[in-house]
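Report on the following structure.
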Amino acid sequence: MKMGDYKFHAEEITIKYEGKQIFGRLYKPQAKAKCPAVILSHGYNGTGADFEKECEYFASNGIIALAHDFCGGSVNSKSSGASVDMTVFTEKSDLMAVLDYVKGRTDVETDHIFLLGASQGGFVTALTAVERREEIRGIILYFPALCIPDDWRKRFPKAEEIPETLEFWGLELGRIFFETIHNMYPYEEIGRFEKEVLIVQGDEDPVVPLSYAVRARDTYANAELIVFPGEGHGFSTEKNAEAANAALRFMKRNCGQ
Numbered sequence: 002m003k004m005g006d007y008k009f010h011a012e013e014i015t016i017k018y019e020g021k022q023i024f025g026r027l028y029k030p031q032a033k034a035k036c037p038a039v040i041l042s043h044g045y046n047g048t049g050a051d052f053e054k055e056c057e058y059f060a061s062n063g064i065i066a067l068a069h070d071f072c073g074g075s076v077n078s079k080s081s082g083a084s085v086d087m088t089v090f091t092e093k094s095d096l097m098a099v100l101d102y103v104k105g106r107t108d109v110e111t112d113h114i115f116l117l118g119a120s121q122g123g124f125v126t127a128l129t130a131v132e133r134r135e136e137i138r139g140i141i142l143y144f145p146a147l148c149i150p151d152d153w154r155k156r157f158p159k160a161e162e163i164p165e166t167l168e169f170w171g172l173e174l175g176r177i178f179f180e181t182i183h184n185m186y187p188y189e190e191i192g193r194f195e196k197e198v199l200i201v202q203g204d205e206d207p208v209v210p211l212s213y214a215v216r217a218r219d220t221y222a223n224a225e226l227i228v229f230p231g232e233g234h235g236f237s238t239e240k241n242a243e244a245a246n247a248a249l250r251f252m253k254r255n256c257g258q
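Our numbering applies: residue 2 is where the sequence shown begins, and numbers increase by one.
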């Protein structure tokens with residue numbers, strides 16, 4: 002990622018809502034005018050620090066970037082909350098609280114706020130965008146895990162088969178995580194977001210099959226799908242830079258630049 006012309010600084014922030022505390026790191030360009038903004042949402046058992054390079058890159062190009070930790074979303078999360086209480090929907094509420102914070106900043110162009118999410122964070126981003134579609138300019142989805150409900154329905158076809166807790170990929174989940182998505186079909190919801198969408202996906206992703214991204218592209222009214230041959234769930238350094246470049250172009254275009 003080649004840095005842009007703006008100098009920027011990073012600061013840690015805490016967003017409080019409904020008894021929760023969301024930790025985030027905000028990257029702000031040194032600009033006299035208000036700036037567009039992007040909120041970056043990490044994947045399962047990740048943190049906002051996963052997007053450090055992207056945040057620096059966007060800020061150096063004049064876009065305020067905020068990467069946050071979902072409550073209970075990781076063993077390394079700096080936000081409050083336990084993983085056994087985390088669900089796709091608690092993360093959606095967290096993201097809406099972060100959006101409210103960004104909207105309230107005096108240095109943000111509130112007509113140009115974008116959401117970017119990866120994997121489970123992409124799933125959460127897609128759901129949040131529907132509910133807050135009047136406030137979002139566009140969304141960027143890296144290998145969005147729209148397969149999550151299908152995957153867990155296969156594992157637990159009947160709700161009574163869901164255990165009280167389950168450790169999965171290093172994170173202890175509570176029954177509520179599975180119950181809340183058991184009868185959920187995301188493609189019935191996400192298409193109500195009619196503004197521009199950029200989806201970036203590898204064609205050898207072992208977690209989220211490419212077919213889910215293709216279906217998402219076809220579900221949205223105005224979506225572009227970029228497919229990286231040979232890439233998996235998470236991109237190589239080269240393709241990660243290419244994805245960030247595509248995301249920046251997407252945001253600039255939607256800001257009329």
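Just so it is clear, CB atoms sit at the ideal spot from N, CA and C, and this is done for glycine as well.
About 16 Å separates the CB atoms of serine 80 and phenylalanine 90; that is not less than 8 Å, and the two are not in contact. The residues Val85, Glu173, Leu174, Gly175 and Arg176, in chain order, have a CB closer than 8 Å to that of threonine 166 in the same chain once the five nearest residues on each side in sequence are set aside.
Comparing C-alpha distances from phenylalanine 144 to each of Leu67, Leu27, Gly44 and Phe178 shows the shortest one belongs to Gly44. Excluding its 5 nearest sequence neighbours in each direction, isoleucine 227 has C-beta neighbours in its own chain below 8 Å: Leu199, Ile200, Val201, Gln202, Ala244 and Ala247, listed in chain order.
The continuous beta strand (DSSP E) containing arginine 26 extends over residues 21-30.
Sequence-distant Cβ neighbours of leucine 27 in its own chain, meaning closer than 6 Å and more than five residues away, are Glu12, Ile14 and Leu67. Within the same chain, and ignoring the five residues on either side of phenylalanine 9 in sequence, the residues whose Cβ sits closer than 8 Å to its Cβ are Tyr28, Lys29, Pro30, Gln31, Glu57, Ala60 and Ser61. In this structure, the CA atom of proline 210 is about 34 Å from the CA atom of aspartate 112.
Contact holds between the region 251-258 and the region 100-119, because three or more Cβ pairs, one in each stretch, are under 8 Å apart.
Taking a 10 Å sphere around the C-beta of methionine 4, we find fewer than 16 other C-beta atoms and assign the residue as exposed. Glutamine 121 places its beta carbon less than 9 Å from that of glutamate 92. Proximity to glutamate 180 across Thr129, Met87, Asp204 and Ile191 peaks at Met87, based on C-alpha coordinates. Of the residues Asp108, Ile191, Val99 and Leu142, the one whose Cα lies closest to the Cα of alanine 222 is Ile191. Contact between glycine 139 and asparagine 255 holds: their C-beta atoms lie close to 5 Å from each other, under 8 Å. Following the DSSP letters along the chain, one finds tyrosine 18 inside the beta strand (DSSP E) bounded by residues 9-18. In chain order, Gly233 and His234 place their CB closer than 7 Å to the CB of proline 207, counting only its own chain and leaving out the 5 sequence neighbours on each side. The beta-carbon separation of valine 109 and glycine 25, rounded to 14 Å, does not stay under the 8 Å limit for a contact.
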